[in-house]
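2 protein chains.
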Amino acid sequence: MGDQRGPVGGLPVEVDPEDPRPLHEQLEQGIRAAVRDGRLAPGQALPSTRGLGAELGLSRGVISAAYAQLAAEGYLLLRQGAPARVSDAIRGTTARPAARSLARAFAYDLRPGLPDLVGFPRQRWQRALARGWAGAPAATLGEVDPRGVPQLRDALAAYLDRARGTSADPELMLVCTGFTQGLSLVCRWLREYGVDRIATEDPGWHPHRLVAEQAGLQVVGLPVDEDGVDVAALEDSGATVVVLTPAHQFPTGAVLAPERRRRLVEWAETHDGLIVEDDYDSELRYDRTAVGALQGLAPDRVLHVGSAGKRLAPGLRLGWMLVPSWLIWPLVTAKAIEDQGSEVLGQLAFADLLSTGDLDRHLRRMRLRYAERRVRLLRAVEHHLPGVRTGDDPAGLHELLLLPDGTDEPAVLAAAARRGVGLEGLALHRHDGRAGRPGVLAGYAATTPPAIDRAIALLAEAVAEVG
Amino acid sequence: MGDQRGPVGGLPVEVDPEDPRPLHEQLEQGIRAAVRDGRLAPGQALPSTRGLGAELGLSRGVISAAYAQLAAEGYLLLRQGAPARVSDAIRGTTARPAARSLARAFAYDLRPGLPDLVGFPRQRWQRALARGWAGAPAATLGEVDPRGVPQLRDALAAYLDRARGTSADPELMLVCTGFTQGLSLVCRWLREYGVDRIATEDPGWHPHRLVAEQAGLQVVGLPVDEDGVDVAALEDSGATVVVLTPAHQFPTGAVLAPERRRRLVEWAETHDGLIVEDDYDSELRYDRTAVGALQGLAPDRVLHVGSAGKRLAPGLRLGWMLVPSWLIWPLVTAKAIEDQGSEVLGQLAFADLLSTGDLDRHLRRMRLRYAERRVRLLRAVEHHLPGVRTGDDPAGLHELLLLPDGTDEPAVLAAAARRGVGLEGLALHRHDGRAGRPGVLAGYAATTPPAIDRAIALLAEAVAEVG
Chain H
0 MGDQRGPVGG LPVEVDPEDP RPLHEQLEQG IRAAVRDGRL APGQALPSTR GLGAELGLSR
60 GVISAAYAQL AAEGYLLLRQ GAPARVSDAI RGTTARPAAR SLARAFAYDL RPGLPDLVGF
120 PRQRWQRALA RGWAGAPAAT LGEVDPRGVP QLRDALAAYL DRARGTSADP ELMLVCTGFT
180 QGLSLVCRWL REYGVDRIAT EDPGWHPHRL VAEQAGLQVV GLPVDEDGVD VAALEDSGAT
240 VVVLTPAHQF PTGAVLAPER RRRLVEWAET HDGLIVEDDY DSELRYDRTA VGALQGLAPD
300 RVLHVGSAGK RLAPGLRLGW MLVPSWLIWP LVTAKAIEDQ GSEVLGQLAF ADLLSTGDLD
360 RHLRRMRLRY AERRVRLLRA VEHHLPGVRT GDDPAGLHEL LLLPDGTDEP AVLAAAARRG
420 VGLEGLALHR HDGRAGRPGV LAGYAATTPP AIDRAIALLA EAVAEVG
Chain P
0 MGDQRGPVGG LPVEVDPEDP RPLHEQLEQG IRAAVRDGRL APGQALPSTR GLGAELGLSR
60 GVISAAYAQL AAEGYLLLRQ GAPARVSDAI RGTTARPAAR SLARAFAYDL RPGLPDLVGF
120 PRQRWQRALA RGWAGAPAAT LGEVDPRGVP QLRDALAAYL DRARGTSADP ELMLVCTGFT
180 QGLSLVCRWL REYGVDRIAT EDPGWHPHRL VAEQAGLQVV GLPVDEDGVD VAALEDSGAT
240 VVVLTPAHQF PTGAVLAPER RRRLVEWAET HDGLIVEDDY DSELRYDRTA VGALQGLAPD
300 RVLHVGSAGK RLAPGLRLGW MLVPSWLIWP LVTAKAIEDQ GSEVLGQLAF ADLLSTGDLD
360 RHLRRMRLRY AERRVRLLRA VEHHLPGVRT GDDPAGLHEL LLLPDGTDEP AVLAAAARRG
420 VGLEGLALHR HDGRAGRPGV LAGYAATTPP AIDRAIALLA EAVAEVG
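Same order as they appear, the protein sequences are chains H and P.
Residue numbers for the first sequence follow my numbering, beginning at 0 and rising by one.
Residue numbers for the second sequence follow my numbering, beginning at 0 and rising by one.
Put into structure tokens, the structure is as follows:
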């Protein structure tokens, strides 16, 4: 009997002598699975160890050991002199579907914030990983520094000082899981510290609000015009902490005017204020050098946050903060307790990419590509959507397309999505989603020029349909 | 004048015609650096654009553009008809030290929880990354699924069901930054949901308490004996949520007895309770198959958390949770808001490692190595520290060495550290650090056998010194 494939002992369990696993292990796994999916019901008696052993050509002891293991795991109940039974504590589960992704997919993905992922320097990244890893001691993968690996903090400090005009100290730097975790840590600290209000730009990047509200903070919106955020409104707001995108306002593209930068720093000095500088895409300017970071003006007042998201890819989830010295320890402590520190291998690779100049090379290549795609988008809009106003700021990964007053923005987005075109509405990024002129944010960086033409033609159809 | 290397215009700024950067860019960067480090003081006047242009052999317009850029960045103040001046808003910074690590280094690192990092399968990991990445579309590095990439959730579900006896559904799984972030998310959700108390093992892994307290929860300790946690104490505690290490109690090594497993699930059913199962090292048993996960018994009551930390390396910061269906969405939402999702490339590599069986191969190799090192440790302790009691549980990465009653545990740890031996005290993991028998946790997995001998000899010296 022991050499036959099939069910055993009247159980809904099959064993196969040709399976490389020993029979008793197959039996154990089979019973476990049958109990779990309900084929063996709670309370059901199992065959005696003697009988089952005889049937399988195994010793009674081997069957007993399998039953004992399953009893140790809680699947079976064993009692002296009584048959083994399926435990009553077991709850069945149903069959498993294959994993799906929550990430949305569009034929034409023009959502803002996506860099060109096809242009991601895969080979260079893998080489950088191999090189950075080879140069790191084995212990690098052991206890992690919650602030990030020293190699990366050194490389980032040099890069940011050079490319962003910051005043970076690797000891006052915190590597985090993208911009978002950085802001989360700051907002939770503020809440615990007794701060209950934070100011953000309006319109401003939607997650600024989400993260702050998740941490229990009240969010105050500050108006934005062509010179960036309204600093007078900040002064009047009563808030002592503000999140800003000074180098390239999201989503309008405004650069904070010099006079306002000065006034902002003064505000921080006189109000004991903290400025969180979201420096998300500053190197991506196609006309001139990026305006330097605010942090360089006032390292004690500005918490500078950047990330590899738009410079390389969001999926790296690699961000960094330059933190005022008075604030570094609460944030490092929180990071150390909450997730111990960020993943190390990506840090080693990115450090190598920075110190070899490979990131600069990548950005130079991308700037040319994005500038061309931006022009293509503007031309397509001019051609297909003559009533739409666009910006004149050659920078970033998207353009804000202002729709004619009265256009039903959500309806346009839905009609575009039905045609396979992914966009974001301006309303998403407004504190009051119903206020202000309707508009859509159209990313151009991740889409080839012919696809940009087609996507804008489809968007024009969507606008026409909504009317 | 323009071809000479040296300071220009009486400024503490040097330009070099042989530098590949254009002169005006060198000038701009030089002034920025001088303002930042205080060599150019606030209010100081700069040379006229005409004079400086003549000196450098550049047009006046090029100098103006550099000044304008620096003014836009806030370093300079420009006023019509007056010389450019260094802005008053500037704050100097001091010279920068090189980056250091907060991670401690010991000549003999016997801290518990460290796997053999020298044995990390670097080549396999890099191959797995290349393979996993090659099979993934470019968009994988774009918008991330906060739950983790589908490939990994599928591979983990299959692995955990097979190796850990779980009942895993990839849709109800959440990839997180190590165990720690998983528990952080759960604790913050509990706090927001109105739960104010959580039970943990005492002694138990210290970060369980740290994370819960960081989230604002009150922590109740449950006694532990040779059958694992005291379930009766849980029933009496009034807590409805408990964090446990049922397969291999940390730090005692006890396996939760079958009767207690059943009673625990009953407790959860009757008290609407939630069991957080910390499944940190269960595959690392050297005598028999690991006891299956509690989660397989009651997927609706058990939140199962595992990580690659002890199975591969802590620096990967790669963890996973099998979440009851009623709890998955609050946790996914929190993860999506707080850091958007975990880093993608490590997930792709780990998915490949799992589905090719490379993780099983690695664990098989490590089990042999660790079993040998454990025996070596026990022998060394028997030889050098005859008064010390050790456990008899062949599993995990460390042994608990119980010191004679009355031994000054902190003094022993300090004396060992002075000799280069890193250990952890049992008191660290007790809720009341002063209660109970003194002991040290000695990890053996990351240390070669000769180094284990030497380290235990040094520990014996330390114990003798303390007396």
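Built from N, CA and C at the ideal position, the CB exists for glycine as well.
Asked: On the DSSP bridge list, what partners appear for R284 (chain H)?; Found: H:A394
Asked: Exposed or buried, what is T269 (chain P) when buried is set at 16 or more other beta-carbons lying within 10 Å of its beta-carbon?; Found: exposed
Asked: Should P245 (chain H) be labelled buried (16 or more other beta-carbon atoms within 10 Å of its own) or exposed?; Found: buried
Asked: Determine, using beta-carbon pairs with one atom in the region 444-454 of chain H and one in the region 233-248 of chain H, whether at least three such pairs fall under 8 Å.; Found: no
Asked: Quick one: using the 10 Å Cβ neighbour count with 16 as the cut-off for buried, is Q469 (chain P) buried or exposed?; Found: Because chain P is modelled from 0 through 466, residue 469 (chain P) falls outside the range shown and cannot be assessed.
Asked: Between which two residues does the alpha helix (DSSP H) holding A44 (chain H) run?; Found: Per DSSP, A44 (chain H) belongs to no alpha helix (DSSP H) and is neither H nor E.
Asked: For L302 (chain P) and G203 (chain P), what's the separation of their Cα atoms in angstroms?; Found: 18 Å
Asked: Look at the alpha carbon of M0 (chain P) and the alpha carbon of G252 (chain H), and state the distance between them as a whole number of angstroms.; Found: In this prediction, M0 (chain P) scores a pLDDT of 40, lower than 50, which makes its location untrustworthy; the coordinate-derived value is nonetheless stated afterwards. The straight-line gap from Cα to Cα measures roughly 41 Å.
Asked: State the CB to CB distance for the pair V242 (chain P) and T199 (chain P), rounded to an integer number of angstroms; the pair is presumed to be in contact (CB under 8 Å).; Found: 5 Å
Asked: Check whether the Cβ atoms of A98 (chain H) and R152 (chain P) lie closer than 8 Å to each other.; Found: yes
Asked: Residues in its own chain within less than 7 Å of R146 (chain P) by CB, not counting five upstream and five downstream?; Found: R152, M172, L173, V174, V331
Asked: Tell me H303 (chain P)'s beta-bridge partners as DSSP assigns them.; Found: P:E276, P:L321
Asked: Give, in chain order, every unbroken run of the beta strand (DSSP E) that is at least 3 residues long and sits entirely within the region 241-278 of chain P.; Found: 273-277
Asked: If you run the structure through DSSP and keep just helix, strand and coil, what is A214 (chain P)?; Found: coil
Asked: In the DSSP assignment, what residue or residues form a beta bridge with A469 (chain H)?; Found: For residue 469 (chain H) there is no data in the structure shown, the boundaries of chain H being 0 and 466.
Asked: How should W124 (chain H) be labelled, buried or exposed, when 16 other C-beta atoms within 10 angstroms of its C-beta is the threshold for buried?; Found: buried
Asked: In three-state terms, what does DSSP make of T199 (chain P)?; Found: strand
Asked: Rounded to whole angstroms, what is the Cα-Cα separation between L101 (chain H) and A137 (chain P)?; Found: 16 Å
Asked: Counting C-beta neighbours from all protein chains within 10 Å, is the total for A81 (chain H) 16 or more, i.e. buried, or is it exposed?; Found: exposed
Asked: Which one of H:V223, H:L457, H:V240 has the shortest CA to CA distance from L216 (chain H)?; Found: H:V240
Asked: Going by beta carbon distance, what residues of the same chain come within less than 7 Å of F349 (chain P), once the five residues before and after it are set aside?; Found: L151, A307, L317
Asked: Here's the rule: buried if 16 or more other CB atoms are within 10 angstroms of the residue's CB, otherwise exposed. What is Y158 (chain P)?; Found: buried
Asked: Name the one or two DSSP bridge partners that C186 (chain P) has.; Found: Partner(s): none; C186 (chain P) has no beta bridge.
Asked: Apart from the five residues just before and just after L10 (chain P), which ones in its own chain have a Cβ nearer than 8 Å to its Cβ?; Found: G29, I30, A33, L39, L45, P46
Asked: Note down, in chain order, each residue of its chain lying with its Cβ closer than 8 Å to the Cβ of W188 (chain H), except the 5 sequence neighbours on either side.; Found: L326, P329, L330, A333
Asked: What first and last residue would you give for the beta strand (DSSP E) that runs through L173 (chain P)?; Found: 172-175
Asked: Just grab the DSSP bridge partners of R84 (chain P) for me.; Found: P:A44, P:L76
Asked: Considering just the uninterrupted stretch of the alpha helix (DSSP H) at L377 (chain P), what are its terminal residues?; Found: 357-383
Asked: Below 9 Å between beta carbons is the criterion; list the residues of the region 209-233 of chain P that meet it against any residue of chain H, in chain order.; Found: L209, V210, E212, Q213, A214, G215
Asked: Taking 8 Å as the cut-off, decide whether the C-beta atoms of Y107 (chain H) and A450 (chain H) are in contact.; Found: yes
Asked: Rounded to whole angstroms, how far is the Cβ of L440 (chain P) from the Cβ of P250 (chain P), which I believe are closer than 8 Å?; Found: 5 Å
Asked: Are A415 (chain H) and A463 (chain H) close, meaning C-beta to C-beta below 8 Å?; Found: no
Asked: For Q294 (chain H), decide whether its Cβ has a neighbour in chain P, counting only Cβ atoms nearer than 8 Å.; Found: no
Asked: Which residues of the region 144-158 of chain H have a Cβ closer than 8 Å to any Cβ of chain P? Give them in chain order.; Found: D144, P145, R146, V148, P149, Q150, R152, D153, A156
Asked: Just to confirm my understanding: we take E408 (chain H), look at its own chain, exclude 5 residues before and 5 after, and list those with CB closer than 6 Å. What are they?; Found: G424, A426, P437
Asked: Please report the straight-line C-alpha distance between V387 (chain P) and L255 (chain P), rounded to a whole angstrom.; Found: 25 Å
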